[in-house]
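Position 128 of the sequence shown, counting from 1, maps to 132 under our numbering, and the rest follow consecutively.
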Amino acid sequence: MEDNLLPDYDFEKHWNNAYQKTPIDSLGWYEEDPIPSLELISACNLSKDSLIFNAGVGAATLIEILLNKGYSNIVVNDISSAALTELKNNLGEHNNSHVQFILDDLTNPIALLKLKNVDLWHDRAVLHFFTTETQQKAYFDLIKKVLKPNGYVILAEFNLEGAKKCSGLDIVNYNEEMLQERLGTDFKLLKSFNYTYTQPSGGLREYVYTLFQRTA
Ligand SMILES: C[S@@+](CC[C@H](N)C(=O)[O-])C[C@H]1O[C@@H](n2cnc3c(N)ncnc32)[C@H](O)[C@@H]1O
5 MEDNLLPDYD
15 FEKHWNNAYQ
25 KTPIDSLGWY
35 EEDPIPSLEL
45 ISACNLSKDS
55 LIFNAGVGAA
65 TLIEILLNKG
75 YSNIVVNDIS
85 SAALTELKNN
95 LGEHNNSHVQ
105 FILDDLTNPI
115 ALLKLKNVDL
125 WHDRAVLHFF
135 TTETQQKAYF
145 DLIKKVLKPN
155 GYVILAEFNL
165 EGAKKCSGLD
175 IVNYNEEMLQ
185 ERLGTDFKLL
195 KSFNYTYTQP
205 SGGLREYVYT
215 LFQRTA
């Protein structure tokens, strides 16, 4: 899509509506057991106080699982206040002390610009919604701004065989080469695999999971 054809769409409203009208465990991206993300996170061998940033977290179960594993320095973000409120409520007070919530737009960041020294950037099913060059550039610029030297990036997006839409929105399909090209030569691909996710409705969604490390 050309930059001058930016979708005339209120994404914040769209995502708030999605989380308000559907119970979390019926959403088309709900994952009770985020096995592939946990596999890649474990491959990073992070210390428990490493700064883990989850971009476009929604109300993902991954956060409670990471807290239960002892990770204590987690920052989560979403454009939807409804998603963040739901996640906060699900985690409860105790767990909240280890999680910082940042309501902001990854493609037009303001609060997120204060973030620094991120050890791991994790994104499942978020980047693929950014269909314009301007949105994608802002997203990758943010990764490069906030990630530590030697920091890790996990990107899990619909693969080239995958669906062309999600939540009624157009998406961009990826493979590992396309993600490598966007990150640039300062990032090394450590692992990648395709993964078929089964939606609560039984539908299948084809993802590519990638783990990169910053080398410079
Ligand atoms: C398909 S859901 C995936 C949620 C979560 N990552 C997961 O795996 O369960 C996409 C998420 O991206 C969030 N999102 C979409 N556009 C965003 C943006 N520009 N900035 C931040 N979050 C965004 C949505 O609110 C939603 O929670």
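Glycine residues also receive a C-beta, built at the ideal position from the N, C-alpha and C atoms.
In terms of alpha-carbon separation, which member of the options lies closest to residue i?
{"i": "Ser171", "options": "Val130, Tyr199 and Gly155", "result": "Val130"}
{"i": "Thr202", "options": "Leu55, Gly166 and Ala86", "result": "Gly166"}
{"i": "Ser30", "options": "Lys17, Ala64 and Leu44", "result": "Ala64"}
{"i": "Arg209", "options": "Asn163, Arg218, Phe197 and Gly188", "result": "Asn163"}
{"i": "Asp37", "options": "Gln217, Ala220, Thr219 and Pro204", "result": "Pro204"}
Does ligand 1 have a heavy atom nearer than 6 Å to the CB of residue i?
{"i": "Phe162", "result": "no"}
{"i": "Asp82", "result": "yes"}
{"i": "Thr111", "result": "yes"}
{"i": "Gly62", "result": "yes"}
{"i": "Ala167", "result": "no"}
{"i": "Ala129", "result": "yes"}
{"i": "Phe191", "result": "no"}
{"i": "Phe15", "result": "yes"}
{"i": "Trp33", "result": "yes"}
{"i": "Trp125", "result": "no"}
{"i": "Phe197", "result": "no"}
{"i": "Ala220", "result": "no"}
Does residue i come out as helix, strand or coil in the three-state DSSP assignment?
{"i": "Ala160", "result": "strand"}
{"i": "Trp125", "result": "strand"}
{"i": "Gln203", "result": "coil"}
{"i": "Lys169", "result": "strand"}
{"i": "Phe197", "result": "strand"}
{"i": "Phe15", "result": "helix"}
{"i": "Ala22", "result": "helix"}
{"i": "Val40", "result": "It is worth fixing the name first, because residue 40 is Pro in this sequence and not Val. Three-state DSSP puts Pro40 in a helix."}
{"i": "Phe133", "result": "helix"}
{"i": "Asp7", "result": "Caution applies to Asp7, whose pLDDT of 43 falls short of 50 and renders its modelled position unreliable; the value that the coordinates give is listed next. Three-state DSSP puts Asp7 in a helix."}
Hey, residue i and residue j are a contact pair by Cβ (cut 8 Å); roughly how many whole angstroms apart?
{"i": "Phe144", "j": "Arg186", "result": "5 Å"}
{"i": "Ile45", "j": "Ile158", "result": "7 Å"}
For the beta strand (DSSP E) holding residue i, just list the boundary residues, first then last.
{"i": "Phe57", "result": "Ile56 to Asn58"}
{"i": "Asp145", "result": "Counting along the chain, Asp145 falls outside any beta strand (DSSP E), though it belongs to the alpha helix (DSSP H) covering Glu137 to Val150."}
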